[in-house]
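Participant: Heads up: the sequence shown at position 67 corresponds to 577 in the working numbering, and the numbers run straight through without jumps.
Each residue gets a CB set at the ideal place from its N, CA and C atoms; glycine is no exception.
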Amino acid sequence: MPAELSHIVFLFLRMTIAAAFVVSASVITERSGPAIGALVATLPVSAGPSYVFLAIDHDAAFIAQGALSSLPVNAATIFMGLTYVVLAQRHSMAVSCCSAFAVWIAIASVIRLFDWTLTAGLAANFVAFGICIPLLSGYRHVKMPLVTRRWYDIPMRAALVATLVAIVVSTSNWVGPRISGIIALFPVVFSSMMVILHPRIGGPATAAVLASSAWGLLGFGIAIAVMHVAVVEFGSPVGLCLALATCVTWNLTLWWNGRRRRRVEA
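The following block contains the structure:
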């Protein structure tokens with residue numbers, strides 16, 4: 511097989527695998543309700559495949575450096591979520607989503623100007639979540655209407671993630687680890703939730719799902735830090751596995767605590 515054709519086939523395979531992750535996560539989210547859906551949404555559904563394929567093409571030093579850039583981008587995502595949640599209470603999807611995207615792009619543009627350390631990235635996350643989590647808490651308790659899935663919902667989410675993977679993999683050789691780490695954390699899942707759910711169930715209900723994702727997103731940031739440290743010490747495969755385990759353990763703990771709280775209140 512010619513080298514160019516082989517590259518195209520391999521890229522298509524990667525995009526297909528990433529899309530399959532999104533389809534699986536979407537089905538789980540829609541069948542489990544907003545609380546579990548918020549936790550599934552903060553698993554590495556889009557960033558995970560991107561980093562796996564980056565690890566195939568690059569060494570551990572590249573992945574570790576990319577993780578340092580991804581860590582502060584996680585803080586940008588929570589500010590994006592806060593912007594949407596506040597605006598969605600009274601404004602249209604176009605105003606809410608465009609404003610949220612503008613906030614993410616503005617913060618990510620500033621992030622790319624600096625060489626981030628692990629300490630600085632963690633500090634950015636703890637400050638951002640320390641501000642945003644209390645502000646988001648009042649928007650979580652909204653009665654959720656029944657969500658009817660339309661034929662294009664899952665294909666659109668799959669296409670978004672597949673496109674993200676294609677961009678990350680295709681450009682990583684010339685943009686370097688810093689920009690690759692930023693692109694890998696583009697909030698595809700949050701974006702698709704806003705675009706799909708807002709016209710269907712309204713801004714406040716969609717905002718409640720995103721607001722419920724705040725604690726899970728904090729755990730995702732911790733997982734990125736774990737990935738950086740573990741990749742440096744043990745290599746990319748172990749680092750990626752430990753990052754995934756951190757995300758899953760964190761979200762299962764949140765689910766268990768929420769379930770125990772509901773039993774106490776009952």
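Looking at the structure shown, is Trp725 part of a helix, part of a strand, or coil, going by DSSP?
Facilitator: Reading the sequence shown from its first residue, position 215 is the one you call residue 725. If DSSP states are grouped into helix, strand and coil, Trp725 belongs with the helices.
Participant: Measuring only the C-alpha atoms, how far is Arg773 from Val583?
Facilitator: Within the sequence shown, numbered from 1, the residue matching residue 773 stands at position 263. Within the sequence shown, numbered from 1, the residue matching residue 583 stands at position 73. Their backbone Cα atoms lie some 36 Å apart in a straight line.
Participant: In angstroms, rounded to a whole number, what distance separates the CA positions of Phe611 and Thr593?
Facilitator: Counted from its first residue, the sequence shown places residue 611 at position 101. Counted from its first residue, the sequence shown places residue 593 at position 83. Rounded to the nearest angstrom, the two C-alpha atoms are 9 Å apart.
Participant: Can you look up Phe589 in the DSSP assignment and give me helix, strand or coil?
Facilitator: To locate residue 589, count along the sequence shown from 1; it is residue 79. Looking at Phe589 - three-state DSSP - the assignment turns out to be helix.
Participant: Locate the alpha helix (DSSP H) running through Gly558, then write down its first and last residues.
Facilitator: Taking the first residue of the sequence shown as position 1, residue 558 is located at position 48. 557-567 is the extent of the alpha helix (DSSP H) around Gly558.
Participant: On the criterion of 16 or more Cβ atoms from any shown chain inside 10 Å, does Phe651 qualify as buried, or is it exposed?
Facilitator: As a working mapping, residue 651 is identified with position 141 in the sequence shown. Contrary to the premise, residue 651 reads as His rather than Phe in this sequence. The residue in question, His651, is exposed, as its Cβ has fewer than 16 Cβ neighbours within 10 Å.
Participant: Three or more C-beta pairs under 8 Å: does that hold for the segment 688-704 against the segment 616-623?
Facilitator: Result yes; three or more Cβ-Cβ pairs closer than 8 Å.
Participant: Please tell me whether Val595 and Leu720 are closer than 8 Å, where the distance is taken between their beta carbons.
Facilitator: Within the sequence shown, the letter at position 85 stands for residue 595. Within the sequence shown, the letter at position 210 stands for residue 720. Yes, these two residues count as a Cβ contact at 8 Å.
Participant: Looking only at C-alpha atoms, which of Ala604, Val739, Pro714 sits nearest to Ala570?
Facilitator: On the sequence shown, position 60 is the one that residue 570 refers to. Residue Val739 is the option with its Cα nearest to Ala570.
Participant: Does DSSP put Pro512 in a helix, in a strand, or in coil?
Facilitator: For the purposes of this step, residue 512 is taken as residue 2 along the sequence shown, with counting starting at 1. Since pLDDT at Pro512 reaches only 48, below the 50 mark, its modelled position is unreliable, and no value is offered.
Participant: In terms of residue numbering, what span does the alpha helix (DSSP H) encompassing Gly640 cover?
Facilitator: Counted from its first residue, the sequence shown places residue 640 at position 130. That run of the alpha helix (DSSP H) goes 628-647.
Participant: With a 10 Å radius around its C-beta and 16 neighbouring C-beta atoms as the bar for buried, classify Ala735 as buried or exposed.
Facilitator: Position 225 of the sequence shown, counting from 1, holds the residue named residue 735. Looking at its Cβ environment, which holds 16 or more other Cβ atoms inside 10 Å, Ala735 is buried.
Participant: Roughly how many angstroms separate the alpha carbons of Asn767 and Gly745, rounded to a whole number?
Facilitator: Counted from its first residue, the sequence shown places residue 767 at position 257. Counted from its first residue, the sequence shown places residue 745 at position 235. Straight-line Cα distance between these residues: approximately 33 Å.
Participant: Shortest alpha-carbon distance to Pro665 belongs to which of Val699, Arg600, Val605?
Facilitator: Indexing the sequence shown from 1 puts residue 665 at position 155. That would be Val699, whose Cα lies nearest to the Cα of Pro665.
Participant: Put Ser602 into one of helix, strand or coil per three-state DSSP.
Facilitator: As a working note, residue 602 is residue 92 in the sequence shown. It is coil, neither helix nor strand.
Participant: Here's the rule I'm using: 16 or more other beta-carbon atoms within 10 Å means buried, otherwise exposed. How should Ser647 be labelled?
Facilitator: For the purposes of this step, residue 647 is identified with residue 137 of the sequence shown, where counting begins at 1. Exposed, since its Cβ has fewer than 16 Cβ neighbours within 10 Å.
Participant: In whole angstroms, what is the alpha-carbon distance linking His708 and Met603?
Facilitator: Reading the sequence shown from its first residue, position 198 is the one you call residue 708. Reading the sequence shown from its first residue, position 93 is the one you call residue 603. Distance between the alpha carbons of His708 and Met603: 6 Å.
Participant: Hey, how far is the Cα of Ala551 from the Cα of Gly731?
Facilitator: Along the sequence shown, one-based indexing puts residue 551 at 41. Along the sequence shown, one-based indexing puts residue 731 at 221. So the alpha carbons of these two residues sit roughly 14 Å apart.
Participant: So what's His708 in DSSP terms, helix, strand or just coil?
Facilitator: Reading the sequence shown from its first residue, position 198 is the one you call residue 708. Three-state DSSP puts His708 in a helix.
Participant: Rounded to whole angstroms, what is the Cα-Cα separation between Arg688 and Ala638?
Facilitator: For the purposes of this step, residue 688 is identified with residue 178 of the sequence shown, where counting begins at 1. For the purposes of this step, residue 638 is identified with residue 128 of the sequence shown, where counting begins at 1. The straight-line gap from Cα to Cα measures roughly 21 Å.
Participant: Is Ala565 near Ile573, with beta carbons less than 8 Å apart?
Facilitator: Here the question's residue 565 lines up with position 55 in the sequence shown. Here the question's residue 573 lines up with position 63 in the sequence shown. Yes, Cβ-Cβ distance for Ala565 and Ile573 is below 8 Å.
Participant: Excluding sequence positions up to five away, which residues of its chain have a Cβ less than 6 Å from the Cβ of Leu752?
Facilitator: As a first step, residue 752 must be located in the sequence shown, where it is residue number 242. Result list for Leu752: Val736, Ala740, in chain order.
Participant: Express the C-alpha separation of Thr756 and Ala598 in angstroms, rounding to a whole number.
Facilitator: As a position in the sequence shown, residue 598 is number 88, starting the count at 1. As a position in the sequence shown, residue 756 is number 246, starting the count at 1. Distance between the alpha carbons of Ala598 and Thr756 is about 31 Å.
Participant: If we ignore side chains and look at the alpha-carbon of each, how far apart do Phe636 and Thr716 end up?
Facilitator: Position 126 of the sequence shown, counted from the start, is the residue given in the question as residue 636. Position 206 of the sequence shown, counted from the start, is the residue given in the question as residue 716. Answer to the nearest angstrom: the Cα atoms are 25 Å apart.
Participant: Return the CA-CA distance between Arg769 and Thr763, expressed in angstroms with no decimal places.
Facilitator: Here residue 769 is taken as the residue at index 259 of the sequence shown, counted from 1. Here residue 763 is taken as the residue at index 253 of the sequence shown, counted from 1. Taking the straight line joining both Cα atoms gives about 10 Å.
Participant: When you compare the CB positions of Ser452 and Gly713, do they come within less than 8 Å of one another, or not?
Facilitator: Because the chain is modelled from 511 through 776, residue 452 falls outside the range shown and cannot be assessed.
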